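For the sequence shown, my numbering assigns the number 11 to the initial residue and increments by one for each residue that follows.
Here a beta-carbon is modelled for each residue, glycine too, at the ideal position from N, C-alpha and C.
The structure displayed is predicted, hence computed values, not measured ones.
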Amino acid sequence: MKKSVIALSLILLSGCVDMGRVGLHPQVKMAYFDGHPWQLESCLSEAAQNQQLYLAQDDPLPGGTKRFNLEQDGETVAWVEIDRFSRNQTSATFYADPKASDVQAAISDMVTACKTSR
């Protein structure tokens, strides 16, 4: 009986969070940009489309940090958090599978595009 309760609990809990291709131990990349969060969000959304990716808004974090899922073919390939860093700067934190070199390259291209777009 105990084993079946534990097994049922694990099955139910495993469906609570869709990790996508990000995994349990993602590689973290942080970048800082001049401008406001909405400007960065707009730029990253356009840069994602140029990489055949889609930036889908997720629920915000308690402190007001905006969260997004970076999706490819309907699958989450990275998580993105955008937050105001200072009066005129915004930070973006990217979480992606360290083994997904294609996603890492796309993120780097997105960061470069948004840093040089001003």
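**OP:** Please report how far the alpha carbon of L169 lies from the alpha carbon of A115, in whole angstroms.
**Re:** There is no way to answer for residue 169, as the model of the chain reaches only from 11 to 128.
Original post:
If you draw a straight line from the alpha carbon of K82 to that of W89, how long is it in whole angstroms?
Top reply: The displayed chain sequence assigns Gln, not Lys, to residue 82. As the crow flies, the alpha-carbon of Q82 is around 12 Å from that of W89.
Original post:
Does the distance from the CB of A102 to the CB of V32 come in under 9 Å?
Top reply: Not closer than 9 Å, so no.
Subject >> CB of D119 within 9 Å of CB of N60, strictly >> reply: Cβ atoms of D119 and N60: closer than 9 Å.
Original post:
For I92, which beta-bridge partners are listed by DSSP?
Top reply: Within the DSSP bridge table, the entry for I92 names K76 and A102 as partners.
Subject >> Beta-carbon spacing of F43, T122 below 9 Å >> reply: Taking C-beta atoms as the reference points, F43 and T122 fail to come closer than 9 Å.
Original post:
For the putative contact between I92 and P47, defined by C-beta atoms under 8 Å, what is the C-beta separation to the nearest angstrom?
Top reply: Here I92 really is in contact with P47; their C-beta atoms are around 5 Å apart, less than 8 Å.
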